[in-house]
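Here is the structure we will look at.
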Ligand code: CA
Ligand code: CA
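Now the structure itself:
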């Protein structure tokens with residue numbers, strides 16, 4: 236292996252010295268007493284459960300996760316039965332993944348399998364279980380330190396919701412003043428351009444429904460609708476959810492406004508009902524719009540521009556240009572925090588509306604691990620799509636059929652859970668390993684996720700901190716960043732080169748660290764080497780990230 240020794244050109248210190256810890260970080264007596272001089276490592280900190288909203292979330296597509304009663308439909312008791320896999324309650328040890336947040340896709344009554352068309356907001360769909368099952372899920376998650384958030388789909392309801400049924404009755408009776416005002420129901424001349432409308436049978440009225448004729452859009456500026464939504468939020472917060480994933484916020488527009496007013500109202504209302512509740516919005520847009528919507532005070536939004544096959548994380552696994560990635564991350568953080576000082580970015584690779592990340596990484600295990608390292612070690616609250624940790628594939632033309640395949644536990648019983656009306660007859664071709672096998676395999680992607688989550692719990696600054704400096708080395712593939720939180724500094728440094736080790740000087744006084752506190756590699760176990768720190772010369776094996784503190 237060729238080793239390069241490169242003088243480190245530090246990026247301009249970006250107001251780093253506004254922090255008091257700046258010059259004294261490497262003189263921390265407790266850290267230096269723990270330092271092992273031989274390899275430049277420091278004793279890792281204890282992994283501590285999160286108590287705030289900076290978490291490692293796991294998205295569960297309920298229909299596809301785990302079936303408990305043999306009807307080939309995933310359900311809530313199924314999720315309860317698998318909680319020990321997600322988090323066994325001990326952040327220091329176990330075979331569990333270690334996540335501490337769950338986003339459940341919709342669970343309320345709906346005829347659709349995905350349940351994004353809601354008929355009764357304060358219910359559990361019979362297919363998925365009962366309210367008692369849900370209460371048990373919340374209680375079991377509490378024991379394990381897992382926060383649960385549910386999908387809140389209020390841009391539209393189902394056309395089977397009693398509000399819409401009554402609205403149509405009112406229109407038919409020529410008295411459209413009550414529930415009819417819950418929706419956008421208009422005559423031909425009052426249709427707004429760019430929106431889709433469907434006729435109300437037997438009348439000359441139309442209702443707006445941009446997603447589907449079964450999903451009429453709610454009039455979110457109507458105070459009566461807002462009062463109903465407040466009741467719904469209170470219902471679920473009282474049940475113990477930690478917050479909500481807001482579906483389709485960019486469609487919240489109501490006539491004259493763009494929907495930000497409602498977004499601000501729903502966020503404020505959640506915080507009023509429960510001070511530390513957490514709201515994350517699905518704003519499937521570019522950087523400009525997502526940044527703009529942070530001005531509503533919303534806690535968090537999914538980072539769509541950095542996700543998917545063409546987003547920054549996956550792109551970096553191809554270009555290896557971590558220098559560029561870290562600069563992007565720093566400017567993005569600065570951007571969103573200028574709109575909302577408490578903004579929590581939510582990086583992810585894929586979700587139920589996208590091809591599986593392992594598919595666009597062409598099933599290359601090293602690339603999958605590198606992508607995981609890049610987004611999981613970013614500041615904020617990352618979201619892992621169920622099965623992402625197993626490298627599940629799925630990117631076929633029958634989109635939803637392959638994006639929402641069953642979670643492969645062990646054996647092949649799970650293979651019966653396939654979403655309705657898919658041409659996919661078996662998940663077999665898309666499954667590379669089962670949970671049981673991944674847990675036994677030291678080289679599995681699952682183990683990398685497990686390790687990354689543990690590193691995050693040992694180094695709480697990574698999720699919560701401010702990126703104060705990008706560390707440049709003169710090479711695009713080797714770079715790092717300093718992240719500061721609560722007067723403490725941590726450095727994340729990555730050598731993304733595929734085959735070559737990297738060596739260079741990382742100034743201890745500028746970056747405020749004592750030694751190596753952890754490392755994670757994308758290379759297969761047989762190839763892994765340890766990173767070393769001699770003086771301030773850091774040597775990092777290929778495709779490896781180190782944590783310095
Ligand atoms: Ca079931
Ligand atoms: Ca554990």
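Residue numbers (my numbering): 236 to 784. The beta-carbon is built from N, C-alpha and C at its ideal position, and this holds for glycine as well. In this text, all values refer to a predicted model and were calculated from it rather than measured experimentally.
Beta-carbon gap between residue i and residue j smaller than 8 Å
i	j	result
residue 199	residue 777	What is shown of the chain runs 236 to 784, which leaves residue 199 out entirely.
residue 373	residue 474	yes
residue 307	residue 341	no
residue 699	residue 748	no
residue 693	residue 328	no
residue 609	residue 551	yes
residue 323	residue 285	no
residue 746	residue 557	no
residue 753	residue 690	yes
residue 290	residue 390	no
residue 483	residue 517	yes
residue 315	residue 371	yes
residue 450	residue 504	no
residue 589	residue 543	yes
residue 713	residue 605	no
residue 685	residue 332	yes
residue 683	residue 755	yes
residue 662	residue 650	yes
residue 376	residue 453	no
residue 520	residue 539	yes
Near ligand 2: residue i beta-carbon under 7 Å from a heavy atom
i	result
residue 576	no
Sequence-distant residues of its chain with Cβ nearer than 6 Å to residue i (five each side left out)
i	result
residue 338	292, 294, 384, 480
residue 478	384, 512, 513, 514
residue 415	402, 405, 406
residue 265	Any reading at residue 265 must be qualified, since the residue scores a pLDDT of 43, below 50, and its modelled position is unreliable; the value itself is stated next. Cβ within range, chain order: n/a, list empty.
residue 362	308
residue 645	669, 671
residue 205	Any property of residue 205 remains undetermined from this structure, which presents the chain solely from 236 to 784.
residue 271	At residue 271, the pLDDT of 44 sits below 50, so the modelled position is not reliable and the matter cannot be decided from this model.
residue 528	518
Contacts around residue i, its chain only, beta-carbon distance under 7 Å, and the 5 residues preceding and following it disregarded
i	result
residue 309	297, 298, 299, 300, 301, 302, 652
residue 275	750, 751, 767, 768, 769
residue 526	570, 571, 574
residue 364	310, 311, 312
residue 541	547, 548, 582
residue 593	603, 626, 627, 628
residue 263	Any reading at residue 263 is ruled out, since the residue's pLDDT is 43, under 50, leaving its predicted position unreliable.
residue 487	390, 455, 494, 497, 498
residue 237	Confidence in residue 237 is poor, its pLDDT being 41 and thus under 50, which makes the residue's placement unreliable; the coordinate value appears in the next sentence. Same-chain partners within the cutoff: 735.
residue 268	Note on residue 268: pLDDT 41, under 50, position unreliable in the model; the coordinate value appears next. Contacts found: none.
residue 395	346, 354
residue 388	341, 351, 353, 482
residue 460	417, 453, 454
residue 596	549, 552, 602, 603, 606
residue 398	392, 414, 417
Any non-hydrogen atom of ligand 1 within 7 Å of residue i CB
i	result
residue 304	yes
residue 310	yes
Other residues of its chain near residue i: CB distance less than 8 Å, five sequence neighbours each side excluded
i	result
residue 577	534
residue 591	585, 620, 622, 623, 627, 628, 629, 630, 637, 638, 665
residue 411	402, 405, 420, 440
residue 508	465, 468, 469, 472
residue 565	249, 702, 705, 716
residue 256	Confidence in residue 256 is poor, its pLDDT being 31 and thus under 50, which makes the residue's placement too unreliable to answer from.
Neighbouring residues (CB closer than 6 Å to any heavy atom of ligand 2): Matched residues: 323, 325, 326, 328, 329, 331, 333.
Runs of beta strand (DSSP E) lying entirely within the segment 449-529, each at least 3 residues, in chain order: 478-481, 513-516
Any alpha helix (DSSP H) of 4 or more consecutive residues that is wholly inside the segment 641-714: 670-675, 680-693, 696-699
Length-filtered (3 minimum) beta strand (DSSP E) runs lying within the segment 526-614: Correct list: 535-537, 579-581.
Entirely enclosed beta strand (DSSP E) segments - the segment 345-395, minimum 3 residues: 382-387
4-residue-minimum alpha helix (DSSP H) runs that sit fully inside the segment 268-313, ordered along the chain: 297-300
Continuous beta strand (DSSP E) assignments of at least 3 residues falling wholly in the segment 711-766: 713-720, 723-730, 736-740, 751-756
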